[in-house]
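**Student:**
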Amino acid sequence: MELTISDGIVRGVRGADAPMTELAIHARTIANLLPLLCARAGVKIVHNSDRNYTGIRFETKAAGPVVLEMPRGDDPYRLVQEFIDPDKAGRMEVELRRFPQIYKPHGVAYIAADFLRSNGFLK
6 MELTISDGIV
16 RGVRGADAPM
26 TELAIHARTI
36 ANLLPLLCAR
46 AGVKIVHNSD
56 RNYTGIRFET
66 KAAGPVVLEM
76 PRGDDPYRLV
86 QEFIDPDKAG
96 RMEVELRRFP
106 QIYKPHGVAY
116 IAADFLRSNG
126 FLK
């Protein structure tokens, strides 16, 4: 399933309504290569125009949603834990890990899944 977030409104999109940008296609490719452990965590592709990213959202039971943001330009991939409400410091997200764009989609899927599993986000 894919979600779009625009002006604070979350909508599910399917089929022909889904964005066909380069980032969206890249996110779908990586999501299709994720292991079953991630699929059980409720993986969704998210196109968030409010925060200006396209990514893969993992609904973890341990710490809430974690997003693998697709890189723009020469930026690295980012794994970010999102908070529903701001924490004591006023943050809405915490960056967990960055890794460069040198990896193919298989490698990105493996790195993200292994990081989440080894740090207790996925069980």
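Positions in the sequence shown are counted from 1; adding 5 to them yields this note's numbering.
We treat Cβ as the ideally placed atom computed from N, Cα and C, and that holds for glycine.
Pop quiz: V71 and F126 are said to be a contact at Cβ under 8 angstroms. What is the actual Cβ separation, rounded to whole angstroms?
**Tutor:** What you label residue 71 is simply residue 66 of the sequence shown in a count that begins at 1. What you label residue 126 is simply residue 121 of the sequence shown in a count that begins at 1. Between F126 and V71 the Cβ distance is about 6 angstroms, and since that is below 8 angstroms, they are a contact.
**Student:** Contact defined as beta carbons within less than 8 angstroms: I believe A29 pairs with I61. What is the distance between those atoms, to the nearest angstrom?
**Tutor:** Here residue 29 corresponds to residue number 24 of the sequence shown, with the count starting at 1. Here residue 61 corresponds to residue number 56 of the sequence shown, with the count starting at 1. Actually they are not in contact, since the Cβ atoms of A29 and I61 sit about 11 angstroms apart, beyond 8 angstroms.
**Student:** Expressed to the nearest angstrom, what Euclidean distance is found between the alpha-carbon atoms of Y58 and E74?
**Tutor:** Taking the first residue of the sequence shown as 1, we reach residue 58 at position 53. Taking the first residue of the sequence shown as 1, we reach residue 74 at position 69. Between Y58 and E74, the C-alpha separation is close to 6 angstroms.
**Student:** Three or more C-beta pairs under 8 angstroms: does that hold for the region 107-120 against the region 30-44?
**Tutor:** A contact exists between the region 107-120 and the region 30-44.
**Student:** Report the start-end ranges of each beta strand (DSSP E) in the region 9-68 that is 3 residues or longer and not cut off at the edges.
**Tutor:** The qualifying runs are 14-18, 49-53 and 58-65.
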